[in-house]
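Here is the structure we will look at, set down as structure tokens.
Protein chains: 2
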Amino acid sequence: MEAAIEEARTSQAQGGIPIGSVLVHSGEIIGRGRNRRVQRGSVILHGEMDALENTGRRPAAVYRECVLYTTLSPCAMCSGAVVLYGIPKVVIGENRNFTGEEEWLRSRGVEVEIQRDATCVGMLSRFIREQPMLWNEDIGK
Amino acid sequence: MEAAIEEARTSQAQGGIPIGSVLVHSGEIIGRGRNRRVQRGSVILHGEMDALENTGRRPAAVYRECVLYTTLSPCAMCSGAVVLYGIPKVVIGENRNFTGEEEWLRSRGVEVEIQRDATCVGMLSRFIREQPMLWNEDIGK
């Protein structure tokens, strides 16, 4: 989770939305990502999607042994990517600022762990307060 | 759907997976996309995701008046993107080669129309026959 927070901080420093994610396989980070809406004008590069993209093409067997760490509860798109690739576990920094598709993930057999991390909550809630329109755009509101 | 098929054909001509998609707003195509796994080594640029990305950043109100056309039934990731952005309608060329999250989309209030288009079926079934490993990779199998 520290690495995911680091990615969120990097995004923040770039003027972007402070959400980060890493994909871990056998205890090793194989992909890092951060929200790129501002940096690249991207509507699909949420932190989790960026981590998957940066991981690159992998056999299905690799995804099935991965854990996805994300600073924020994953939205429908990112949760859908988890389901598509059969990632068995998602560790979530916080779900207070936004609660994504945790129940759907669980119903699809994904283990969901929520950490209620104060750093994750604080960083994003400050951003939402300062840039509510950008935040709403990121969650399709 | 003709424009989505055109995108699928372009992908095929590039040696890629023949799936295409377009996003339509008020009768006008605002984004075109095709599967880019082969062309860009992308694990997130399915046809629908590519169409959304090429559409660029739009206010929520625009998505709420869009129809997404896709040559193939959308997987969990692409369906999740539809749910995230509140796209109210998806028109699907075929679901014989692969049936995605149609039921989940319907349960989330999305109108799903299936066309059973012979061109869409034929183009992808030929590809799956010729490149089964690449196909499996694209659907996380």
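For the record, the sequence lines run as chains A and B.
When we follow my numbering, the leftmost residue of the first sequence carries the number 1, and every step to the right adds one.
When we follow my numbering, the leftmost residue of the second sequence carries the number 142, and every step to the right adds one.
Built from N, CA and C at the ideal position, the CB exists for glycine as well.
Cβ proximity to chain A below 7 Å picks out Val-224, Leu-225, Tyr-226, Gly-227 from the stretch 223-253 of chain B.
Under the 7 Å criterion on CB atoms, Met-1/A is classed as non-interfacial with respect to chain B. Under the three-state reduction of DSSP, Val-165/B is assigned to strand. In the DSSP assignment, Cys-207/B is bridged to His-166/B. Closer than 7 Å to the CB of Cys-75/A there is at least one CB belonging to chain B. By alpha-carbon distance to His-187/B, the top candidate from Met-274/B, Ile-160/B, Gly-263/B, Thr-151/B is Ile-160/B.
For Gly-156/B, there is no enclosing alpha helix (DSSP H), since its DSSP letter is neither H nor E.
Between Glu-48/A and Ser-21/A, the gap from beta carbon to beta carbon is short of 7 Å. For Glu-194/B, the C-beta contacts it makes with chain A under 7 Å involve Ser-42, Val-43, Ile-44, in order along the chain. Cβ-Cβ distances below 6 Å link Phe-127/A to Pro-18 in the same chain, with the five nearest sequence neighbours on each side left out; the list follows chain order. Rounded to the nearest angstrom, the gap between the Cα atoms of Glu-113/A and Trp-276/B is 31 Å. In the three-state DSSP reduction, Ile-269/B falls in the helix class (H, G or I). Using beta-carbon distances, Ser-220/B counts as an interface residue toward chain A, with a partner under 7 Å.
Listed along chain A are Gly-140, each with a C-beta nearer than 8 Å to that of Tyr-204/B. A buried status is given to Gly-221/B, since no fewer than 16 other beta-carbon atoms sit within 10 Å of its beta-carbon. Chain-ordered, the chain B residues with CB closer than 8 Å to the CB of Gly-56/A read Gly-182, Val-184. If one requires a minimum length of 4 residues, the alpha helix (DSSP H) runs lying completely within the stretch 73-100 of chain A are 76-85, in chain order. Listed along chain A are Asn-136, Glu-137, Gly-140, Lys-141, each with a C-beta nearer than 8 Å to that of Ala-201/B. Of the candidates Glu-169/B, Ala-201/B, Gln-155/B, Thr-196/B, the residue whose Cα lies closest to the Cα of Val-179/B is Gln-155/B.
Distance from Tyr-204/B to Gly-227/B at the Cβ level is roughly 5 Å; contact confirmed, criterion being Cβ atoms closer than 8 Å.
Between Gly-56/A and Cys-75/A, the C-beta gap is not smaller than 7 Å, which leaves the two residues out of contact. Nearest neighbour of Arg-173/B by Cα position, chosen from Ser-248/B, Lys-230/B, Glu-148/B, Gly-157/B, turns out to be Glu-148/B. Residues of chain A with a Cβ closer than 8 Å to the Cβ of Met-190/B are, in chain order, Ile-44.
If you look at Val-179/B, you'll find it in the alpha helix (DSSP H) that goes 178-181. Comparing C-alpha distances from Gln-12/A to each of Asp-138/A, Met-123/A, Val-110/A shows the shortest one belongs to Met-123/A.
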